[in-house]
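One structure is given here, and the rest of the page talks about it.
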Amino acid sequence: MTTFEQAWQLASSIEGWLTESQGRALFEAGGQLAPGTVAVEIGSHRGKSAVLIGLGLPSNGRLLAVDPFDDPRWGGGAESLEMFRTALEVAGVTDRVDLYRGLSEEASATWNGPLVGFLWVDGAHDRISTLKDFDGWMPHMAIGGLIYVHDAFSAVGTTRAVLERFLFSRHVVYEGCERTMVKFRVGTASPMVRLLSALRLLRRLGFFSRMVAIKVARRRGLHAWERRFMRVENEPLI
Ligand SMILES: C[S@@+](CC[C@H](N)C(=O)[O-])C[C@H]1O[C@@H](n2cnc3c(N)ncnc32)[C@H](O)[C@@H]1O
1351 MTTFEQAWQL
1361 ASSIEGWLTE
1371 SQGRALFEAG
1381 GQLAPGTVAV
1391 EIGSHRGKSA
1401 VLIGLGLPSN
1411 GRLLAVDPFD
1421 DPRWGGGAES
1431 LEMFRTALEV
1441 AGVTDRVDLY
1451 RGLSEEASAT
1461 WNGPLVGFLW
1471 VDGAHDRIST
1481 LKDFDGWMPH
1491 MAIGGLIYVH
1501 DAFSAVGTTR
1511 AVLERFLFSR
1521 HVVYEGCERT
1531 MVKFRVGTAS
1541 PMVRLLSALR
1551 LLRRLGFFSR
1561 MVAIKVARRR
1571 GLHAWERRFM
1581 RVENEPLI
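Residue numbers (the working numbering): 1351 to 1588.
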């Protein structure tokens, strides 16, 4: 069995945008995959998160990795696809990861496999794409399944989509976060659970304001302000 430390050693040599604690959360979520369900990743890039989830999966677990590998905004394209394949091979997870080369909305519209026990949303970070990710995959989610979203409370579009769909949701409850990775669980929520979930999500708006302030200061070259908003030196925006 692979430990998280071994998985992180492999994954940290792959280009991507994950902190170690986010990597651990993905590895552990893969490990908790309920029997009979699959994990789905929206946005694979060079395989960093796919390797972590893949190595965490139980022995018969499977991951569907969805990425068109043609989006220049994220360094996508044939080169990334090759690196993704190599990363899976080096980690020894090729036999448990299936690739859907296309958009999340196309994959969810045609999905007729098992229910999804873990959905990892890390594709395009604009509001419309993220809403399509949620709306396309929600009907396939297993009760008790996990939904993790990256760059929530950092990217404005992702944050808006998260709040629009999950702030007062009857079916999705906030579970916590690892910086910009926000974690939800699917299940019917009582009014009290919904209220607590909403309040905990709203508390993240302070963190969100700080991330946006750092980004704006950085873009305008206001380095003194950038440092003022940071809690630690070189604080990551992920
Ligand atoms: C931030 S990167 C993913 C990083 C990856 N999860 C990791 O940890 O290394 C975003 C990826 O999403 C892909 N992408 C963008 N829009 C997408 C969509 N609608 N469906 C699936 N993938 C998408 C891009 O091609 C890009 O490779």
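Every residue, glycine too, gets a C-beta built ideally from N, C-alpha and C.
When the options are compared against residue i, the one with the closest alpha-carbon
{"i": "L1552", "options": "W1575, R1570, V1512", "result": "V1512"}
{"i": "L1414", "options": "A1563, L1407, G1507, V1390", "result": "V1390"}
{"i": "G1507", "options": "A1459, T1436, L1481, R1374", "result": "L1481"}
{"i": "H1500", "options": "D1476, G1406, T1538, M1491", "result": "D1476"}
{"i": "W1424", "options": "R1577, R1544, E1365, E1378", "result": "E1365"}
{"i": "M1531", "options": "E1514, I1497, R1510, A1548", "result": "I1497"}
{"i": "G1442", "options": "E1576, A1361, I1392", "result": "A1361"}
{"i": "G1406", "options": "W1487, W1358, M1491", "result": "W1358"}
{"i": "S1454", "options": "G1397, R1554, P1418, A1375", "result": "P1418"}
{"i": "D1421", "options": "R1396, T1444, L1402, E1439", "result": "R1396"}
Whole-angstrom distance between residue j and residue i, CA atom to CA atom
{"i": "V1582", "j": "G1556", "result": "16 Å"}
{"i": "T1352", "j": "S1399", "result": "15 Å"}
{"i": "L1546", "j": "D1472", "result": "26 Å"}
{"i": "G1571", "j": "K1565", "result": "10 Å"}
{"i": "A1567", "j": "F1503", "result": "17 Å"}
{"i": "E1378", "j": "A1457", "result": "25 Å"}
{"i": "G1381", "j": "A1574", "result": "43 Å"}
{"i": "K1533", "j": "T1509", "result": "13 Å"}
{"i": "G1494", "j": "G1373", "result": "21 Å"}
{"i": "E1525", "j": "T1387", "result": "20 Å"}
{"i": "G1426", "j": "T1369", "result": "21 Å"}
{"i": "W1367", "j": "G1467", "result": "23 Å"}
{"i": "R1520", "j": "R1412", "result": "28 Å"}
{"i": "M1580", "j": "C1527", "result": "18 Å"}
{"i": "A1375", "j": "F1354", "result": "10 Å"}
{"i": "G1486", "j": "V1522", "result": "15 Å"}
{"i": "A1505", "j": "R1560", "result": "12 Å"}
{"i": "R1578", "j": "L1587", "result": "14 Å"}
Can you list, in chain order, the stretches of the beta strand (DSSP E) that have 3 or more residues and sit fully within the stretch 1360-1422? The stretch 1360-1422 contains these whole beta strand (DSSP E) runs: 1388-1392, 1413-1416.
Threshold first: 4 residues or longer. Then list the alpha helix (DSSP H) segments lying entirely within the stretch 1439-1497, N to C. 1454-1460, 1477-1487
Under 8 Å: do the stretch 1417-1437 and the stretch 1447-1460 share three or more Cβ pairs, one atom per stretch? yes
Whole alpha helix (DSSP H) runs in the stretch 1511-1579 with 4 or more residues, listed along the chain? Runs found: 1541-1553, 1555-1569, 1573-1579.
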